[in-house]
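For any residue, its number in my numbering is found by taking its place in the sequence shown, counting from 1, and adding 33. Glycine included, C-beta positions come from ideal geometry on N, C-alpha and C. Beneath this line is the structure, given in C-alpha coordinates, with notes to follow.
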Amino acid sequence: MHAMVRRHETVEIPIEDVQVGFMLLIPRSTPGAGGPPQVFRVDRTKVKDDGEAGEPRMKLTMDLSDGKPWVKEYFFGTTVRRIVRTYDDGR
(Lines of atoms letter the chains of each structure in order from A; the text may use other names.)
(Lines give C-alpha, C1' and ligand atoms only; values in the text may rest on other atoms or scores of the structure.)
Protein backbone atom coordinates (compact mmCIF):
# COMPACT_ATOMS: atom_id res chain seq x y z
CA MET A 34 0.00 0.00 0.00
CA HIS A 35 1.34 3.42 -0.95
CA ALA A 36 0.66 6.70 0.83
CA MET A 37 -0.83 9.55 -1.15
CA VAL A 38 1.55 12.36 -1.92
CA ARG A 39 0.28 15.93 -2.02
CA ARG A 40 1.43 17.76 -5.14
CA HIS A 41 1.21 21.42 -6.09
CA GLU A 42 0.99 22.91 -9.56
CA THR A 43 2.72 26.29 -9.44
CA VAL A 44 3.54 29.30 -11.58
CA GLU A 45 6.28 31.87 -11.07
CA ILE A 46 5.05 35.41 -10.44
CA PRO A 47 6.83 38.63 -9.48
CA ILE A 48 6.48 39.54 -5.81
CA GLU A 49 4.75 42.77 -6.85
CA ASP A 50 1.77 40.70 -8.14
CA VAL A 51 1.16 38.80 -4.88
CA GLN A 52 -2.28 39.43 -3.35
CA VAL A 53 -4.03 38.56 -0.10
CA GLY A 54 -5.41 35.03 -0.35
CA PHE A 55 -2.65 33.68 -2.60
CA MET A 56 -0.98 30.43 -1.58
CA LEU A 57 2.78 30.37 -2.14
CA LEU A 58 5.30 27.53 -2.06
CA ILE A 59 8.21 28.71 0.10
CA PRO A 60 11.54 26.82 0.23
CA ARG A 61 12.78 25.86 3.69
CA SER A 62 14.83 28.75 5.08
CA THR A 63 17.52 26.64 6.76
CA PRO A 64 20.20 25.65 4.22
CA GLY A 65 20.61 21.89 4.04
CA ALA A 66 17.47 21.26 6.11
CA GLY A 67 15.95 19.23 3.31
CA GLY A 68 12.30 18.37 3.18
CA PRO A 69 9.57 19.74 1.00
CA PRO A 70 8.82 23.44 0.61
CA GLN A 71 6.23 24.97 2.92
CA VAL A 72 2.84 26.41 1.97
CA PHE A 73 2.42 30.10 2.85
CA ARG A 74 -1.10 31.60 2.80
CA VAL A 75 -0.87 35.37 2.29
CA ASP A 76 -3.06 37.10 4.90
CA ARG A 77 -1.55 40.59 4.57
CA THR A 78 0.79 42.45 2.22
CA LYS A 79 2.64 45.71 2.73
CA VAL A 80 5.00 47.61 0.45
CA LYS A 81 8.04 48.92 2.29
CA ASP A 82 10.04 51.71 0.68
CA ASP A 83 12.97 53.20 2.58
CA GLY A 84 13.27 56.15 0.22
CA GLU A 85 16.02 56.85 -2.28
CA ALA A 86 18.67 54.85 -0.44
CA GLY A 87 16.70 51.60 -0.14
CA GLU A 88 15.05 49.29 -2.61
CA PRO A 89 11.29 48.74 -2.26
CA ARG A 90 10.29 45.46 -0.65
CA MET A 91 7.09 43.49 -0.21
CA LYS A 92 6.31 42.24 3.28
CA LEU A 93 4.01 39.18 3.38
CA THR A 94 2.33 37.97 6.56
CA MET A 95 0.59 34.69 7.35
CA ASP A 96 -1.35 34.44 10.63
CA LEU A 97 -0.49 31.11 12.27
CA SER A 98 -2.90 29.15 14.47
CA ASP A 99 -0.84 29.94 17.59
CA GLY A 100 -1.46 33.66 17.04
CA LYS A 101 2.09 34.42 15.92
CA PRO A 102 2.63 35.84 12.45
CA TRP A 103 4.95 34.22 9.91
CA VAL A 104 6.55 37.10 8.00
CA LYS A 105 8.52 36.94 4.76
CA GLU A 106 10.07 39.94 3.03
CA TYR A 107 11.27 40.15 -0.58
CA PHE A 108 12.84 42.83 -2.77
CA PHE A 109 10.79 43.96 -5.76
CA GLY A 110 11.79 41.93 -8.81
CA THR A 111 11.99 38.67 -6.83
CA THR A 112 9.90 35.82 -8.23
CA VAL A 113 7.91 33.47 -6.02
CA ARG A 114 5.94 30.30 -6.74
CA ARG A 115 2.16 30.68 -6.55
CA ILE A 116 0.13 27.50 -6.04
CA VAL A 117 -2.59 27.31 -8.68
CA ARG A 118 -3.72 23.73 -7.96
CA THR A 119 -3.18 21.16 -5.22
CA TYR A 120 -3.90 17.46 -5.71
CA ASP A 121 -3.02 14.00 -4.41
CA ASP A 122 -1.08 11.92 -6.90
CA GLY A 123 -2.85 8.68 -5.92
CA ARG A 124 0.25 6.69 -5.07
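Exposed or buried, which one is residue i when buried takes at least 16 other CB atoms within 10 Å?
i	result
L18	Because the chain in this structure spans residues 34 to 124, residue 18 falls outside the shown range and cannot be described.
V44	exposed
V113	buried
V51	buried
F108	exposed
R40	exposed
R61	exposed
Report the three-state DSSP secondary structure of residue i (helix, strand or coil).
i	result
D82	coil
E42	strand
Have a look at the DSSP bridge pairing and note the partners of residue i.
i	result
I59	Q71
D96	P102
D121	R39
V53	According to DSSP, V53 bridges with nothing at all.
Say yes only if the C-beta of residue i is nearer than 8 angstroms to one or more non-hydrogen atoms of the ligand MN, and no if none qualify.
i	result
V51	Looking for the ligand MN in the displayed structure turns up nothing, as the structure carries no ligands at all.
Could you give the C-beta distance for residue i and residue j, rounded to a whole number, given that I count them as a contact under 8 angstroms?
i	j	result
L58	V75	Not quite, the Cβ-Cβ distance comes to about 12 angstroms (not below 8 angstroms), so this is no contact.
I46	R115	5 angstroms
If you draw a straight line from the alpha carbon of residue i to that of residue j, how long is it in whole angstroms?
i	j	result
V38	D122	6 angstroms
K105	Y120	25 angstroms
V72	M56	7 angstroms
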